[in-house]
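Student: In this note's numbering, the protein residues as written are 64 to 439. Before we start, here is the structure in question, set down as structure tokens.
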Amino acid sequence: MRILTLACSLAALIAASPLSAQTLNVASAGDQNMVDYVKDYLAPMFEKAHPGVKVVSVGTGPGDSGSQKIYEKLDAQKGANATDFDVVVIHQKAAGQMVKEGLLNKYTGNVDTAKLVSSETAKNSLGADVAGYVIPMFQSQTALAYNADMLKNPPNNFAELAEWVKKNPKQFGYNGIKGGMSGVAFVAGWVYAFGGDADKLIQGPYDAAEKAKWDKAFAALKDFNRNVVITPGNAGTLDMLNRGEIAMGPVWVDMFYSWQADGKLPPNMKLKLAAPGMPGQPMYYAVPEKSAQKKLAEEFIALATSPQVQADGIVKKFNWYPGIDAKNLEGKLDKAAWDKLFTDITPADLSKNAKPFPIAPYFNDILEGYEKKVAN
């Protein structure tokens, strides 16, 4: 009887040991803070709600190259029974390719929080149809930062901005298309405003003849640039705003608030999302087609995109805009946090004027057009 009891005890111990635990492998393309966000914030929360589950967070590096490494892993394992990753966090460019090649699972119909997303980027990723395959982790967004002591009534749209710059030369700065994506986003916003049909540039299909319609917009931008300061990059624009060398310029919203929280920007700096809008870009949660833990993966993403987690994690910890519609966070954030992120740019502003970048071929045409017709 003692031997039987001991054997039963050992069996119970083994069953309860980490060796028998389910493992959910989450791979994140992006900076180390995104890996740590999963490891230190989401994982403990998910493991507490799912006893016996261990979340492992790995990073593949920042930028599109990090997403490319995830793509290469999934592609190499497409003939295997299961891939090494169960949840992936990827950029827009890679998402479209992965969907096209059958590497991602169409999972969002099983996740209730997908209904809280209306952003076009949840369906269209730089021209690729990703509907059903992704839910945004967060939305990064560009906007115009300005010195509220110098501008009591900032421009509401790009046409008003052009007039303001004529009257206030060298008070606006951006980095062109070199050294940071805030300048690239501004140029894309300019083409949206003055180059014709912005929706076509965002949604496609691609028509090479479309770029001929941008000549007037580029000529106006070249004239505009004569009265502006070209900054060294994303941080350079913020530095010049901080020193009072310029009064307005395009910035990433999360960088703006992080600099302000660190005391590197004065409190009189505000944000404006001018019509018809400026681009931002999401990171996506996706599930590999060969994930061995599809149900757990769906439950993990449901937690990560729930209103309270989006409020506490995405907004309060990182100053990102939520991946789900911001209106779903009302009542989930304390007033100070809500006012900080949504007073200058309201959820309604985001819904109306937060734009995706153009589809890839138009995007390339805009950069080429700027080099040939604006920068020369």
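Note that beta-carbon positions come from the ideal geometry of N, C-alpha and C, so glycine has one too. Fair warning: this is a prediction, and the values are worked out from it, not measured in the lab.
Tell me whether Tyr-425 sits in a helix, a strand or coil according to DSSP, three-state version.
Tutor: Mapped onto the sequence shown, residue 425 falls at position 362. Correct three-state label for Tyr-425: helix.
Student: Mind pulling the beta strand (DSSP E) runs of 3 or more residues that sit fully within the region 161-210?
Tutor: List check, beta strand (DSSP E) in window: 198-210.
Student: Only counting the same chain, and skipping five residues up and downstream in sequence, which positions put a Cβ closer than 6 Å to that of Leu-73?
Tutor: What you label residue 73 is simply residue 10 of the sequence shown in a count that begins at 1. Per-residue confidence for Leu-73 stands at a pLDDT of 34, beneath the threshold of 50, marking its modelled position as unreliable; no derived number is given.
Student: Who are the near neighbours of Leu-359 in its chain, counting only those whose CB is closer than 6 Å to its CB and skipping five residues on each side?
Tutor: Stepping through the sequence shown from its first residue, residue 359 is reached at position 296. Leu-87, listed in sequence order.
Student: Using a Cβ-Cβ cutoff of less than 8 Å, which residues in the same chain neighbour Val-372 once the five nearest sequence positions on both sides are dropped?
Tutor: In the sequence shown, the residue the question calls residue 372 occupies position 309. Hits under 8 Å: Leu-105, Met-108, Leu-366.
Student: What are the residues that DSSP puts in a beta bridge with Tyr-347?
Tutor: On the sequence shown, residue 347 is found 284 positions in, with the first residue counted as 1. Its beta-bridge partners are Ile-153, Pro-199.
Student: Near Asp-388, which residues of its chain fall below 8 Å by C-beta distance, leaving aside the five closest residues on each side in sequence?
Tutor: Taking the first residue of the sequence shown as position 1, residue 388 is located at position 325. Contacts found: Leu-179, Val-180, Ser-181, Ser-182, Pro-410, Ser-414.
Student: Does the region 389-396 come within contact of the region 230-249, defined as at least 3 CB pairs closer than 8 Å?
Tutor: Output reads no: the region 230-249 does not touch the region 389-396.
Student: Looking only at its chain, what residues have a beta carbon closer than 7 Å to the beta carbon of Gln-234, apart from the 5 residues adjacent to it on each side?
Tutor: Mapped onto the sequence shown, residue 234 falls at position 171. The residues are Ile-309, Ala-310, Met-311.
Student: Among the candidates Pro-339, Pro-342, Met-303, whose CA atom is the shortest distance from the CA of Met-332?
Tutor: Residue mapping note: residue 332 aligns to position 269 of the sequence shown, counting from 1. Taking only the C-alpha atoms, the option nearest Met-332 is Met-303.
Student: How many whole angstroms separate the CB atoms of Trp-315 and Ser-245, which I take to be in contact at a CB cut-off of 8 Å?
Tutor: Reading the sequence shown from its first residue, position 252 is the one you call residue 315. Reading the sequence shown from its first residue, position 182 is the one you call residue 245. With a Cβ gap of about 6 Å, Trp-315 and Ser-245 count as contacting.
Student: Could you tell me the alpha carbon to alpha carbon distance between Ala-185 and Lys-403, rounded to whole angstroms?
Tutor: As a position in the sequence shown, residue 185 is number 122, starting the count at 1. As a position in the sequence shown, residue 403 is number 340, starting the count at 1. Between Ala-185 and Lys-403, the C-alpha separation is close to 25 Å.
Student: Under 8 Å: do the region 281-294 and the region 333-345 share three or more Cβ pairs, one atom per stretch?
Tutor: In short, these stretches do not touch, since the Cβ pair count stays below three.
Student: Lys-436 to Ala-92, Cα distance in whole Å?
Tutor: Residue 436 sits at position 373 when you count from the first residue of the sequence shown. Residue 92 sits at position 29 when you count from the first residue of the sequence shown. Their backbone Cα atoms lie some 35 Å apart in a straight line.
Student: Just the C-alpha distance for Ala-338 and Asn-439, rounded to the nearest angstrom, thanks.
Tutor: For the purposes of this step, residue 338 is taken as the residue at position 275 of the sequence shown. For the purposes of this step, residue 439 is taken as the residue at position 376 of the sequence shown. If I take the Cα positions, the gap works out to 28 Å.
Student: Alpha carbon to alpha carbon, how far is Ala-206 from Asn-416?
Tutor: Here residue 206 refers to the residue found at position 143 of the sequence shown. Here residue 416 refers to the residue found at position 353 of the sequence shown. C-alpha separation (whole angstroms): 10 Å.
Student: Give the straight-line distance between the Cα atoms of Ala-407 and Pro-385, rounded to the nearest whole angstrom.
Tutor: As a first step, residue 407 is located in the sequence shown; it is residue number 344 there, counting from the start. As a first step, residue 385 is located in the sequence shown; it is residue number 322 there, counting from the start. For clarity, residue 407 is Asp in the given sequence; the question names Ala instead. Roughly 16 Å separates the two Cα atoms.
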